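Residue numbers (this note's numbering): 2 to 99.
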């Protein structure tokens with residue numbers, strides 16, 4: 002479990018690198034206004050900063066992007082609750098036949 006791993010363990014840098022690669026690919030292909038990463042790994046307080054650092058290195062100023070704290074973010078709803086809210090919203094649409 003992630004919460005049992007020390008914050009300075011190298012595994013976090015590996016995870017941040019792969020997450021930053023995903024953000025880079027999304028940026029290059031789709032140019033989104035914002036990228037939201039949820040889940041247990043990103044719930045670690047130190048991960049967003051690590052992902053920002055790796056993303057900045059990978060991007061290498063190739064494209065203009067918004068300030069990273071505004072561009073690569075975690076869900077605004079606590080405890081990954083946004084997934085639950087999204088699931089209910091989709092269920093409501095399905096029930097309404099939309």
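Note that the Cβ used here is the ideal one computed from N, Cα and C, for glycine as well. Quick caveat: nothing in here was measured; it's all calculated off a predicted structure.
Query: For residue 27, I'd like the list of residues in its chain whose CB is within less than 8 Å of its CB, leaving aside the five on either flank, ordered along the chain.; Result: 33 and 36
Query: What does residue 74 pair with, by DSSP beta-bridge criteria?; Result: 37
Query: In angstroms, rounded to a whole number, what distance separates the CA positions of residue 67 and residue 98?; Result: 37 Å
Query: Can you tell me which of the three DSSP states residue 63 falls into?; Result: coil
Query: Inspect the beta-carbon positions of residue 50 and residue 20 and report whether they are closer than 9 Å.; Result: no
Query: Can you say whether residue 93 is buried or exposed, counting buried as having 16 or more other CB atoms within 10 angstroms of its CB?; Result: exposed
Query: Is residue 25 buried or exposed, if buried means 16 or more other CB atoms sit within 10 Å of its CB?; Result: buried
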